[in-house]
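The block underneath contains the structure these notes are about, expressed in structure tokens.
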Amino acid sequence: PPKSIMKDSIELAFKHYGVESAMDFVGHAICLYTDDSYKQKAPAIEVITKMQLYNRSLNRFGSSPYLYPLYGLGELSQSFARLSAVYGGTYMLNKPIDKIVVENGKVVGVMSEGKVARCGKVICDPSYAPDRVQKCGQIIIPHNQVNRCNDIYISCVSHLHHVCPEKFYLVLVATTVETSNPHQE
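Numbers 1 to 185, taken from the numbering used here, label the letters of the sequence shown in order.
Okay, here's the thing in structure tokens:
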């Protein structure tokens, strides 16, 4: 059994508690280690600290521990609130949304407590419009599942992110070059 989280490896702790099968997910998807060296080299406290950071970050700016865009998802609503005040817009705080009002296929307002606030656009958390949401995320392929030394990260963006023309997608695949011939990899 592990005696000291300051000295012992996290691998020892995972083995002691019989959860070795979770080690790749925790190490690569939660702690974002790019290879397996953390299993033996990193003291358990380092891995535990990264796990705690992920956990504390989970609900800080919404339902994701990662910040997107630059200042996190919470920054979108804060920016809108500031601009709304400057330009005479309406910002509804702590109001339940009964439904998003759509006429002829176009959003025209939001109904809350039986009253409709008319608008040309609705900016909201995806949970308010689940039928219009397509889930997405980053794919992390742990290196040992594809016989590599480093993880592979894959993400996809589109014209909605203003990075390519409509009907096109930009797929980003990132990893560490492991040989002297990266094109062959």
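Note that the Cβ used here is the ideal one computed from N, Cα and C, for glycine as well.
Residue pairing from DSSP places K99 in a beta bridge opposite M111. Sorting S180, L12, V122 by C-alpha distance to the C-alpha of Y91 places V122 at the top. Shown here, V26 sits in a helix according to DSSP, grouped into three states. With a cutoff of 9 Å on beta-carbon distance, T34 and H162 are scored as not near each other.
It is roughly 20 Å from the alpha-carbon of I152 to the alpha-carbon of S158. For V47, there is no enclosing beta strand (DSSP E); the residue is found in the alpha helix (DSSP H) stretching over 44 to 57.
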